[in-house]
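Chemist:
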Amino acid sequence: MQLTVLLFASYAEALGTARLELTVPERTVVGELVERLRAVAGAGRLPPRPLVAVNRRYAAYDHPLTASDEVAVIPPVAGG
Amino acid sequence: MTRAAITADPIDAAGVMARVASDSHGATVLFVGTVRDHNGGQGVSGLDYTAYEAMALDELDRILAEAQDRFAGTAVAAVHRVGTLAPGEISIAVAASHAHRASAFDAARYVIEEVKRRLPVWKREHYLDGTREWVAPGIGAADDDLVPR
Chain A
18 MQLTVLLFAS YAEALGTARL ELTVPERTVV GELVERLRAV AGAGRLPPRP LVAVNRRYAA
78 YDHPLTASDE VAVIPPVAGG
Chain B
20 MTRAAITADP IDAAGVMARV ASDSHGATVL FVGTVRDHNG GQGVSGLDYT AYEAMALDEL
80 DRILAEAQDR FAGTAVAAVH RVGTLAPGEI SIAVAASHAH RASAFDAARY VIEEVKRRLP
140 VWKREHYLDG TREWVAPGIG AADDDLVPR
């Protein structure tokens, strides 16, 4: 299946884009998507376990994904 | 009335406070965060705030709902700014009101601390020497406490 992954701030700069289209097997979980992401140029600058949000909520690494999910990799936050 | 907002416009702190006004509430706490002109010994001339806006709005809504659950009888509101800000400009305003002051203080404190911990917002500082860098306070931390179990 095809997944859209949103990137922000320092992670978007590291990978050179704010939006990636990745092809992954059906029933991929968040942790597997992160491993798939590591094959993308620039991903070496991501930390070992970056935060991931699915459908606008923080998600655990065993959370299963479907093609309609909105997936985002979240850099350390600095709001306030 | 919308009590959470992410905005590119300057924040009117009194307007945020007005969102929690109630004749039955005798205490209102207003927290205002502003851009500091220095960080870690370096002069800062400005900041870019960027957000995952859709999630930031949802998360801010969730934080406000949690504050109202934890501190029964409080009304809370918060607005976070995005875009380029100069020192002294307001980056966030949080207002909390309650019949009595203790819960108003507690609720306002809860909201700003959870915003700092969870809201998907990032800032890039502009230094006086012309360089710019993303601020990553928690970098290296696993952030696993944000992930549901």
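Chains A and B are the protein sequences, given in the same order.
Under my numbering, think of the first position of the first sequence as 18, with each following residue one higher.
Under my numbering, think of the first position of the second sequence as 20, with each following residue one higher.
Yeah, the Cβ is synthetic: ideal placement off N, Cα and C, and Gly gets one too.
Since the model is a prediction, treat every value here as computed from it, not as a measurement.
1) Could you tell me if Val-90/A is buried or exposed, where buried requires 16 or more neighbouring beta carbons within 10 angstroms of its beta carbon?
2) Residues of chain A with CB closer than 9 Å to the CB of Val-130/B, please, in chain order.
3) Ignoring anything shorter than 3 residues, give me the beta strand (DSSP E) runs that lie fully in the segment 83-137 of chain B, in order along the chain.
4) Using DSSP bridges, identify the partner residues of Gly-149/B.
5) Show which residues of chain A have a CB atom less than 7 Å away from the CB atom of Ala-73/B.
6) Our contact map puts Leu-39/A next to Leu-24/A with C-beta atoms below 8 Å; I'd like the distance itself, whole angstroms only.
7) Using a C-beta cutoff of 8 Å, does His-197/B count as contacting chain A?
8) Arg-137/B versus chain A: which residues are under 9 Å apart at the beta carbon?
9) With 8 Å set as the bound, which would you pick, yes or no: does the beta-carbon of Ser-32/A sit closer than that to a beta-carbon of chain B?
10) With 8 Å as the threshold, decide whether the Cβ of Gly-60/B is near any Cβ in chain A.
Modeler: Looking at the atomic coordinates:
1) Within 10 angstroms of the beta-carbon of Val-90/A lie 16 or more other beta-carbons, which makes it buried.
2) Residues of chain A passing the Cβ test: none, with the nearest at roughly 10 Å.
3) Runs of the beta strand (DSSP E) lying entirely within the segment 83-137 of chain B and spanning at least 3 residues, in chain order: 94-100, 102-104, 109-117.
4) Answer is none; Gly-149/B lacks a bridge partner.
5) Listed along the chain, the chain A residues whose CB falls inside 7 Å of the CB of Ala-73/B are Arg-73.
6) Contact doesn't hold; Cβ gap of about 11 Å is too wide.
7) With chain B covering only 20 through 168, there is no way to say anything about residue 197/B.
8) Under the 9 Å cutoff, chain A gives Tyr-75, Val-94, Gly-96.
9) The amino acid at residue 32/A is misidentified as Ser; the sequence shows Leu. So, not an interface residue.
10) Chain A contact via Cβ: absent.
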